[in-house]
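Report on the structure given below.
Protein chains: 2
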Amino acid sequence: MGRAEERLTAATLDPPDAVFAPVRSQTAFEETVDRLGTAIKLGLLAPGAQLPAERELCTRLGIARSTLRQALTALTQSGHVFATRGRGGGTFVSDPQPPADPPSAQMLAQWRETCDQRLAIELGVVVLAAERAVRADLDALDEVARMLDGSIDDFTAYRQADIRLHVGLAEATRSARLVRDMTEAQGEMTDLIGYIAHPPAVLASSNVQHRQLLAALRERDAMRAVRVMSEHVQATEHILAGLLPVG
Amino acid sequence: MGRAEERLTAATLDPPDAVFAPVRSQTAFEETVDRLGTAIKLGLLAPGAQLPAERELCTRLGIARSTLRQALTALTQSGHVFATRGRGGGTFVSDPQPPADPPSAQMLAQWRETCDQRLAIELGVVVLAAERAVRADLDALDEVARMLDGSIDDFTAYRQADIRLHVGLAEATRSARLVRDMTEAQGEMTDLIGYIAHPPAVLASSNVQHRQLLAALRERDAMRAVRVMSEHVQATEHILAGLLPVG
DNA sequence: AGCGAAGGATGGAAGACCAAACCTTTTCTT
DNA sequence: AAGAAAAGGTTTGGTCTTCCATCCTTCGCT
Numbered sequence: 030m031g032r033a034e035e036r037l038t039a040a041t042l043d044p045p046d047a048v049f050a051p052v053r054s055q056t057a058f059e060e061t062v063d064r065l066g067t068a069i070k071l072g073l074l075a076p077g078a079q080l081p082a083e084r085e086l087c088t089r090l091g092i093a094r095s096t097l098r099q100a101l102t103a104l105t106q107s108g109h110v111f112a113t114r115g116r117g118g119g120t121f122v123s124d125p126q127p128p129a130d131p132p133s134a135q136m137l138a139q140w141r142e143t144c145d146q147r148l149a150i151e152l153g154v155v156v157l158a159a160e161r162a163v164r165a166d167l168d169a170l171d172e173v174a175r176m177l178d179g180s181i182d183d184f185t186a187y188r189q190a191d192i193r194l195h196v197g198l199a200e201a202t203r204s205a206r207l208v209r210d211m212t213e214a215q216g217e218m219t220d221l222i223g224y225i226a227h228p229p230a231v232l233a234s235s236n237v238q239h240r241q242l243l244a245a246l247r248e249r250d251a252m253r254a255v256r257v258m259s260e261h262v263q264a265t266e267h268i269l270a271g272l273l274p275v276g
Numbered sequence: 030m031g032r033a034e035e036r037l038t039a040a041t042l043d044p045p046d047a048v049f050a051p052v053r054s055q056t057a058f059e060e061t062v063d064r065l066g067t068a069i070k071l072g073l074l075a076p077g078a079q080l081p082a083e084r085e086l087c088t089r090l091g092i093a094r095s096t097l098r099q100a101l102t103a104l105t106q107s108g109h110v111f112a113t114r115g116r117g118g119g120t121f122v123s124d125p126q127p128p129a130d131p132p133s134a135q136m137l138a139q140w141r142e143t144c145d146q147r148l149a150i151e152l153g154v155v156v157l158a159a160e161r162a163v164r165a166d167l168d169a170l171d172e173v174a175r176m177l178d179g180s181i182d183d184f185t186a187y188r189q190a191d192i193r194l195h196v197g198l199a200e201a202t203r204s205a206r207l208v209r210d211m212t213e214a215q216g217e218m219t220d221l222i223g224y225i226a227h228p229p230a231v232l233a234s235s236n237v238q239h240r241q242l243l244a245a246l247r248e249r250d251a252m253r254a255v256r257v258m259s260e261h262v263q264a265t266e267h268i269l270a271g272l273l274p275v276g
């Protein structure tokens with residue numbers, strides 16, 4: 030008894046577990062390492078590129094310079110960036126980049142939820158891009174698709190351009206939040222798929238989907254774009270499903 | 030010069046602004062207030078419901094008891110919960126709830142991005158629910174839809190059940206992360222639309238869409254579900270567009 | 001030679017968070 | 001009626017993070 034005496038509405042059901050799930054308290058230091066590290070791993074900050082000066086960057090990130098320096102020190106020790114002193118110096122992205130480290134157990138355990146979340150972002154982006162993308166956006170993305178065709182024999186190069194394309198789609202929505210979510214999602218995906226072989230045939234068919242997608246966007250055919258993107262994302266998911274433990 | 034000497038790849042384009050955007054360092058205290066407060070405002074923790082004991086809740090949330098108590102004190106002072114002492118006591122959700130406070134300027138300034146993000150989550154949920162929802166899930170959601178029909182004259186009651194339905198969809202995907210994202214998105218939407226009049230006719234037509242959606246899910250017709258959900262979400266967006274400053 | 005712009009380093013103050021107690025109130029059990 | 005048990009309420013001390021301000025070192029440019 031007790032439970033039966035409550036008001037008979039659906040509102041008295043048990044709350045979702047998510048309500049009491051652990052609070053994720055990332056420190057500013059951790060978040061900065063994550064943000065910059067992901068941008069580098071995704072190639073958004075290209076090898077050789079110069080980061081803004083520390084005194085400028087810390088204000089842009091809204092943190093103290095000492096905190097930023099902690100993060101940069103970590104990235105220096107991991108070999109992702111290096112710094113030169115004196116006038117004309119600065120902090121630069123290493124070239125070549127250090128080898129990526131294998132995905133953590135925690136990452137692998139949640140791979141399906143990661144893919145689910147990515148699916149959501151990609152679908153939202155594609156629907157909004159169908160509405161909002163202008164000619165120039167799509168032309169630029171076509172250019173990236175051309176580059177992808179030339180990279181089906183080099184997975185690293187392909188992946189870089191692939192990320193450019195997906196982030197570029199997000200940018201075409203003019204929604205900064207979706208761009209952020211997309212980069213986070215792609216960062217997690219990179220961790221997952223970085224260690225998996227992708228034969229050229231797979232990459233080629235993947236880029237066929239990119240082209241179909243861009244064609245649909247040009248016609249502002251949101252539903253067709255959704256269908257293509259859905260297949261595109263779930264193709265990756267099926268590859269992972271065969272190689273990873275059940276999620 | 031300089032820029033022209035770099036490697037001629039798309040990877041040398043400027044990084045998205047998102048890379049250097051301010052780092053959001055929410056404290057554990059703030060996040061806890063937010064999490065519990067949102068769950069209460071959404072009705073996931075119903076008026077009169079008892080929260081877990083402090084000693085248990087703090088371990089579930091992964092924070093110290095003193096931090097949890099800070100959050101509970103804040104929620105007590107704002108009138109959302111109250112506590113009774115002694116054995117058999119506990120912390121309970123207030124009934125009735127205090128009036129919601131108006132959306133912040135910052136919230137209003139970002140309303141379109143909030144809607145964009147919500148669209149993404151809803152679409153992802155709906156595609157995955159079409160694959161994964163079992164009979165029992167859909168039966169329960171049908172029940173909620175019936176309740177919604179009975180609440181088109183009471184916006185508050187309607188909104189509560191509406192949230193139940195959307196969060197229920199997310200739960201049907203068996204993806205905890207999507208449930209979390211959905212609750213966050215609905216929390217932000219509640220802030221936005223709480224102060225807007227919703228005539229019964231609007232609510233009725235909204236629930237027609239719910240029914241179409243559930244029918245599509247029963248047939249596992251993901252594309253139709255996407256189309257319905259897309260219209261459902263964008264209907265809200267159009268209402269907001271008429272009332273809020275340009276986003 | 002020296003100015004200026006960049007990274008590098010230090011020390012202290014403030015605040016958030018945690019852990020472990022202990023206190024007070026109330027109810028249930030014996 | 002006594003006491004155990006379970007809940008919220010309180011205090012304290014310590015650790016870690018972050019911030020701020022200042023100063024140092026390097027080195028290209030004028």
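Chains A and B, in that order, are what the protein sequence lines are. Just so you know, the numbering used here puts the end of the first sequence at 276, numbered straight through with nothing missing. Just so you know, the numbering used here puts the end of the second sequence at 276, numbered straight through with nothing missing. Beta carbons are placed, not taken as given, at the ideal position from N, Cα and C, and that holds for glycine. Bear in mind the structure is a predicted one, so any value in this text is a computation, not a measurement.
Could you round the C-beta distance between residue i and residue j to whole angstroms and report it? I think they count as a contact, below 8 Å.
{"i": "Leu71 (chain B)", "j": "Ile222 (chain B)", "result": "Actually they do not touch by this definition, with Cβ atoms about 13 Å apart."}
{"i": "Ala254 (chain A)", "j": "Leu246 (chain A)", "result": "6 Å"}
{"i": "Gln215 (chain A)", "j": "Val231 (chain A)", "result": "No, Gln215 (chain A) and Val231 (chain A) are not in contact; Cβ-Cβ is about 18 Å, not under 8 Å."}
{"i": "His267 (chain A)", "j": "Ser235 (chain A)", "result": "Their Cβ separation, rounded to whole angstroms, is 12 Å, which puts His267 (chain A) and Ser235 (chain A) out of contact at 8 Å."}
{"i": "Arg188 (chain B)", "j": "Thr212 (chain B)", "result": "No, Arg188 (chain B) and Thr212 (chain B) are not in contact; Cβ-Cβ is about 14 Å, not under 8 Å."}
{"i": "Ile150 (chain A)", "j": "Ala149 (chain B)", "result": "5 Å"}
{"i": "Leu243 (chain B)", "j": "Asp171 (chain B)", "result": "6 Å"}
{"i": "Met252 (chain B)", "j": "Arg161 (chain A)", "result": "Incorrect: roughly 21 Å between the Cβ atoms, too far for contact."}
Taking the Cβ atom as the reference point for each residue, do residue i and residue j lie within a distance shorter than 8 Å?
{"i": "Met258 (chain A)", "j": "Val173 (chain A)", "result": "no"}
{"i": "Leu97 (chain B)", "j": "Glu83 (chain B)", "result": "yes"}
{"i": "Ala159 (chain A)", "j": "Ser54 (chain B)", "result": "no"}
{"i": "Pro76 (chain B)", "j": "Pro132 (chain B)", "result": "no"}
{"i": "Gln146 (chain A)", "j": "Asp210 (chain B)", "result": "yes"}
{"i": "Thr202 (chain A)", "j": "Leu157 (chain A)", "result": "yes"}
{"i": "Val52 (chain A)", "j": "Gly271 (chain B)", "result": "no"}
{"i": "Leu198 (chain B)", "j": "Leu177 (chain B)", "result": "no"}
{"i": "Pro44 (chain B)", "j": "Leu73 (chain A)", "result": "yes"}
{"i": "Gly108 (chain B)", "j": "Pro127 (chain B)", "result": "yes"}
{"i": "Glu142 (chain A)", "j": "Ala78 (chain B)", "result": "no"}
{"i": "Phe49 (chain A)", "j": "Pro81 (chain B)", "result": "yes"}
Could you tell me the alpha carbon to alpha carbon distance between residue i and residue j, rounded to whole angstroms?
{"i": "Val122 (chain B)", "j": "Leu207 (chain B)", "result": "25 Å"}
{"i": "Glu180 (chain B)", "j": "Ala186 (chain B)", "result": "What sits at residue 180 (chain B) in the sequence shown is Ser, not Glu. Taking the straight line joining both Cα atoms gives about 6 Å."}
{"i": "Thr38 (chain B)", "j": "Asp182 (chain A)", "result": "For Thr38 (chain B), the predicted model reports a pLDDT of 42, less than 50, meaning its position is unreliable; a value from the coordinates is still stated below. Spanning the two alpha carbons is a distance of roughly 17 Å."}
{"i": "Leu273 (chain A)", "j": "Ala134 (chain B)", "result": "45 Å"}
{"i": "Leu65 (chain B)", "j": "His227 (chain B)", "result": "26 Å"}
{"i": "Ala93 (chain B)", "j": "Val275 (chain B)", "result": "42 Å"}
{"i": "Ile113 (chain B)", "j": "Thr120 (chain B)", "result": "Sequence check: residue 113 (chain B) is Thr here, not Ile. Going by the C-alpha atoms only, they are around 6 Å apart."}
{"i": "Thr61 (chain B)", "j": "Glu217 (chain B)", "result": "16 Å"}
{"i": "Gln106 (chain B)", "j": "Gln99 (chain B)", "result": "11 Å"}
{"i": "Arg175 (chain A)", "j": "Glu200 (chain B)", "result": "40 Å"}
{"i": "Ala138 (chain B)", "j": "Gly118 (chain B)", "result": "42 Å"}
{"i": "Thr88 (chain A)", "j": "Ala129 (chain A)", "result": "29 Å"}
{"i": "Gln104 (chain B)", "j": "Arg240 (chain B)", "result": "Note on residue identity: the sequence assigns Leu, not Gln, to residue 104 (chain B). Distance between the alpha carbons of Leu104 (chain B) and Arg240 (chain B): 36 Å."}
{"i": "Asp168 (chain B)", "j": "Ile69 (chain B)", "result": "25 Å"}
{"i": "Asp63 (chain A)", "j": "Val237 (chain B)", "result": "44 Å"}
{"i": "Leu59 (chain A)", "j": "Gln263 (chain A)", "result": "The question names Leu, but residue 59 (chain A) is Glu in the sequence shown. Taking the straight line joining both Cα atoms gives about 31 Å."}
{"i": "Trp140 (chain B)", "j": "Met136 (chain A)", "result": "32 Å"}
{"i": "Asp46 (chain A)", "j": "Ala47 (chain B)", "result": "31 Å"}
{"i": "Glu248 (chain A)", "j": "Val163 (chain A)", "result": "11 Å"}
{"i": "Thr265 (chain B)", "j": "Cys144 (chain B)", "result": "9 Å"}
{"i": "Phe184 (chain A)", "j": "Thr67 (chain B)", "result": "43 Å"}
{"i": "Leu269 (chain A)", "j": "Ala190 (chain A)", "result": "21 Å"}
{"i": "Pro229 (chain B)", "j": "Asp166 (chain A)", "result": "41 Å"}
Check the DSSP bridge columns for residue i and list the partner residues they point to.
{"i": "Phe111 (chain B)", "result": "B:Phe121"}
{"i": "Gln79 (chain A)", "result": "A:Phe121"}
* **Continuous alpha helix (DSSP H) assignments of at least 4 residues falling wholly in the region 153 to 233 of chain B** => Counting only unbroken stretches of 4 or more residues, the alpha helix (DSSP H) elements lying wholly within the region 153 to 233 of chain B are 164 to 178, 184 to 201 and 205 to 222, in sequence order.
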